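Everything in the sequence shown is counted per the working numbering, starting at 1453 for the first residue and increasing by one. Glycine included, every Cβ here is placed at the ideal spot set by N, Cα and C. As the structure is a computational prediction, the values presented were derived from the model and not from experiment.
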Amino acid sequence: MKKHSTPDIVPQTLKQAADLENNPHLFRQILDASGVAMSIRDGDLIPIFANQAFVDFYGYSVEEIRSGTFETVLPETSLTLFNETVIPTVQSGESWEGEYTIQTKRGRQHAVWGRFDPVFDIHGNLTHVVSIMRDASDTMRLRNALTQTERHLNFLAENTSDCLFRLRLTDGRYDYISSAVENIVGYTPQEFYSEPWFIQRLIPEKWEDIFTLWIEELKAGRSRYEYEAPLIHKNGSQRWVNQRISVVTDSDGFPLAAEGIFTDVTERRRTQEELAAARMSLNFMSQSTSDIFFRMKIPEGTYEYISPSVERFSGYSVKDYMETPLFAGQLLHPDWIDYSITIWEEMQAGHIRPEYEFQFIHKSGEVRWARQRVVLHKDEQGNPMAIEGIVTDVTAHKESQEALTRSEARFRTLFEDSPISLWEEDLTRLKAYFDDLKWRGITDFRQFFYDNPDALIQCATLVDVVDVNKATLDLLHAKNREDLLGNLDKVLTDSSIAAFTEEMILLASGGTEYCGEITHRTLDGEIIWVMAHFTVPEEYRETLSRVIVSLLDVTPRKRAEQALMESEERYRVLVENSQEGVVVAKNRRTVFVNQAMADITGYPLGQLEGMRPVEIVHEEDRDELASNMAQYLAGNEISDNTSFRVITRDGTVKWLTLTVKPIMWGGKQAHLEILNDITIHKSLEEELRSAHADMESKVHERTLELSEANIRLQVEVEERRKAQDRILSLTRELFRVQENERQRISRDLHDNVAQNLSSIVLKMETFFDGHEACAPNLKERSQKITEVAKLTVADVRDIAYGLRPPALDQLGLVRAVQNHVEDMARKLGNPIDFLAVGIENVILDFDTEINIYRMIQEATNNIVKHSGASSASVRMVKSHPDLLIRIEDNGCGFDMDRRMKEVTEEKRMGLHSMEERARLVGGTMEVQSLIETGTRVIFKIPIDTGRRRKQP
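Listed below in structure tokens is the structure:
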């Protein structure tokens, strides 16, 4: 086809050239169509002709340029360039191109790139010069940018942490590799240059096959662009690198080299692995924990995610939460609804609190506690877009906290009111000091403290007294706690310091309890004796963070013992004249017996002192008495009421009581046995026991009589209960008949009276039709009668609606109550807030519904008539197993006791009617009111007793 078309093209082209030569207008159109600024100039480069692009560039027309001078359009530097270089060049027959500056008509200097080509005639004379001009500012910027980019590239290549390289694919040698490679793999660029395919030395063994595959792909001209693999550092550690590689080919497409950059991504890789592990942990936690993780959008209130544990938490499924915006708000306990509204408004405003605690109602009806912690996410404009958080069931914690609070209160009461001096100390720092000593290898703390008395002083500074009770202040005569703790050094004596040393030895050796008698000095300077006892509770033995120390004042006993030692002879005289038997034993040997003991037993003193007391004890009581004495000798106290029998010298049996006390006898330890003859008491006890048996018999007889009376009383109570049930049934029937009668009257009023009155209104409105000549005053009186009739119709319909609200039958309880509340709000002139939660699917029988409606009706009528409230609310909430109804206002309130008395005296039926209706449906009513605060009426109706029974 091309061969045959060529002869046709040539003539056609010649023809077009001829048309162009003979048609200057066509030539101008072609030049103007070009977007390049073009001109035809004379030998002095003055424009003869220029296209539109040239004119647009300068802002001058060709005529304006020719009529002016070059100084108008060319700055001085450009004029010099034209005269000295451009014009000589084109006149010599050569073309010139380069950059110069022009000045537009607006006075703005502009850099341009131009080319000037000479045109000669057949004789070789210069006739014209053809010029082309382009904007050079972009070119200059590109050239400058290129130069700057080259500098930056060189700088980055040598200073960036990434490594740039060029690897020849033909022989595996590097043309270039930046110095950053040493920071990544430990080898210098010279080491990479020294050996072909040096990179292969750094590849881990299990990656060799993959690396070989990548090299083969690059040699074939295929690049995956991004590669990520491990390399072995020079020190033997493993580093991860990310490589971006492109293949350089020759003009025939043959791969020559691989150019790229690789980055050390070891830390990123580790972070990814840690992130993956963290995500696995998070997924495991969200699936395993009882806590709830969630993300909610703001302000939509829809959940983007919520963990499956929400079903265990609330009884509702994930689907329930995802399908309903702010579903969790519907589960809140009614007392927390206002709180939830407040915090949701805060979140929408971009404010969150560190923690939220609230009560919610589980699907089972159980009230539980929850704690929520959230973080707020904002968009680029700073607007809240979502919250993420975790919710924990803290019901058990709250119950434990309340129990702990009660326990702490009991402890504090016992602590403060205890008659014994109590100290609460924190020995945490002391425990750390002991641990440090053990770490240093000290095991014999007794020797250590004796060798290092300063260590004891340091121990004293490490004891932190947390609290002392009032008995401690009284014991040591301190004004207050600060007075005592600031003068502890005045309290200690040599005896208490010695005891403190023993305490430190005991604690350092792992002991947890100490008891001993020591002296203290009160802040008044008086020396007192105390029985010091300290113990570490089991739960604090690892830390010693709590130690309880008690001080029992034994000063009177000590003084008595000292007085006893000083006046032993005087004491002997007292004992001799005592009517109680007294025996002093030392080292299990009788050293003294008084005359009273001889009188009791009938044995002479000499014989008693030589015999063992157990010899006269009745054989049936010897083992028990021997056991008690063994306990005493082992350091345990025995009861003061220990009694036993003895055989006197004449063979009679007597009962004695034994009291044993430690004493000092002759400067040595002994024990004092005091024996009291209680034979008479035992005889009286036997008589009392006999009398008690007689009393028991009489009580039994009386009990039988009371039992019979109780049976009669139960029968009477049962009869009264049945009578009350009959009264309740009659009351229920009375209310039912009343409602039926109301329904009949309501229907008659609506269907008959209201219709008849409407007919009267219609007839009155048309009464004068056709009687235009009637007197105006008659028409006016007729119109007034019509208005009264209309008002009567409205009143009748209101009465009919009040007697039997049709909405209760047509729309159900909730809608009927809502309509009534709206009517009451209009009458009150202030809003009455209505909310019903969870009762949409509760079906109640009609008697229950009408009673609930009447209770709410009576309560709201009281608000409108008596409260003077500015706002009120009606709440109906299903809280299994009850339906809770709460009506409250912020009105004037009233005094409960006085109002109930007035209700009884004035025979008002409002409150009694509400209470009776609540009782009829098996519920209760509670009224709470304070003057100037408002009134709250609460009904609790069992749902099961009010459910609608199926018709047989």
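Where residue i falls: helix, strand or coil (DSSP)
| i | result |
| --- | --- |
| residue 1552 | strand |
| residue 2346 | coil |
| residue 2359 | Below a pLDDT of 50, predicted positions are generally treated as unreliable, and residue 2359, at 49, falls in that range; no measurement from the model is reported. |
| residue 1850 | helix |
| residue 1829 | strand |
| residue 1561 | strand |
| residue 2273 | helix |
| residue 2378 | strand |
| residue 1487 | coil |
| residue 2364 | helix |
| residue 1577 | coil |
| residue 2104 | coil |
| residue 2332 | coil |
| residue 2094 | strand |
| residue 1838 | strand |
| residue 1637 | helix |
| residue 2390 | strand |
| residue 1822 | strand |
| residue 2058 | helix |
| residue 2396 | helix |
Residue i classed as buried or exposed, judged by whether at least 16 other C-beta atoms fall within 10 angstroms
| i | result |
| --- | --- |
| residue 2369 | buried |
| residue 2393 | buried |
| residue 1662 | exposed |
| residue 1891 | exposed |
| residue 1466 | In this prediction, residue 1466 has a pLDDT of 44, which is less than 50 and means its spatial position is unreliable; nothing more can be read from the coordinates. |
| residue 2457 | No answer is possible for residue 2457: the residues shown for the chain start at 1453 and end at 2404. |
| residue 1489 | buried |
| residue 2300 | buried |
| residue 2366 | buried |
| residue 1855 | exposed |
| residue 1986 | buried |
| residue 2333 | exposed |
| residue 1666 | buried |
| residue 2174 | exposed |
| residue 2272 | buried |
| residue 2044 | buried |
| residue 1843 | buried |
| residue 1970 | buried |
| residue 1452 | The chain is shown only over 1453 to 2404; residue 1452 falls outside these bounds and no answer can be derived. |
| residue 2384 | exposed |
| residue 2228 | exposed |
Identified DSSP bridge partners for residue i
| i | result |
| --- | --- |
| residue 1617 | 1629 and 1712 |
| residue 2083 | None, per the DSSP bridge assignment. |
| residue 2133 | Its beta-bridge partners do not exist; DSSP assigns none. |
| residue 2038 | 2041 |
| residue 2325 | 2285 and 2340 |
| residue 2123 | 2037 and 2114 |
Practice prompt. Taking only runs that begin and end inside the segment 1960–2018, name each unbroken beta strand (DSSP E) of 3 or more residues, in chain order.
Written response: 1965–1973, 1979–1987 and 1999–2005
Item to complete: Count the CB pairs spanning the segment 1895–1905 and the segment 1918–1938 that are closer than 8 Å, and state whether there are at least three.
Response: no
Worksheet entry | Validate contact between the segment 2137–2153 and the segment 2041–2057 using beta carbons, cut 8 Å, 3 pairs | no
Practice prompt. Go through the segment 1737–1817 residue by residue and report every complete run of the alpha helix (DSSP H) that reaches 4 residues or more, in order.
Written response: 1762–1766, 1770–1775 and 1789–1800
Fill in: the segment 2323–2341 / the segment 2266–2285 touching (three or more Cβ pairs under 8 Å)
Result yes; three or more Cβ-Cβ pairs closer than 8 Å.
Practice prompt. Flag this pair as touching only if the segment 1770–1781 and the segment 2307–2316 have three or more C-beta atom pairs under 8 Å; answer yes or no.
Written response: no
Discussion item. Suppose only complete runs of 3+ residues qualify. What are the beta strand (DSSP E) ranges in the segment 1645–1721, listed by chain order?
Written reply: 1678–1684, 1690–1701 and 1707–1716
Worksheet item: Three or more C-beta pairs closer than 8 Å, one from the segment 2123–2136 and one from the segment 2104–2114: is that the case here?
Response: yes
Worksheet item: Quick check: the segment 1822–1836 against the segment 1790–1810, are there 3 or more CB pairs under 8 Å?
Response: yes
Practice prompt. Assess, as a yes-or-no matter, whether the segment 1904–1923 is touched by the segment 1865–1880 under the definition of 3 or more beta carbon pairs within less than 8 Å.
Written response: yes
Fill in: Start-end ranges of the alpha helix (DSSP H) lying completely within the segment 1874–1956, minimum 4 residues
1880–1891, 1897–1903, 1905–1913, 1922–1927, 1933–1937 and 1940–1943
Worksheet entry | At least 3 beta-carbon pairs within less than 8 Å: the segment 1628–1639 vs the segment 1676–1688 | At 8 Å Cβ cutoff, the stretches touch.
Worksheet item: Any chance the segment 1690–1700 sits against the segment 1665–1676, with 3 or more Cβ pairs inside 8 Å?
Response: yes
Worksheet item: Does the segment 1707–1721 come within contact of the segment 1615–1623, defined as at least 3 CB pairs closer than 8 Å?
Response: yes
Fill in: Uninterrupted alpha helix (DSSP H) stretches inside the segment 2292–2316 (no shorter than 4 residues)
2298–2314
Fill in: Cβ contact (3+ pairs, closer than 8 Å) linking the segment 1741–1757 and the segment 1646–1653
Under the Cβ criterion (8 Å, minimum of three pairs), the segment 1741–1757 does not count as touching the segment 1646–1653.
Item to complete: Indicate whether the contact test is met: 3 or more Cβ pairs, each with one atom in the segment 2033–2040 and one in the segment 1996–2009, closer than 8 Å.
Response: Taking 8 Å as the limit for Cβ pairs, the verdict is that the segment 1996–2009 does not touch the segment 2033–2040.
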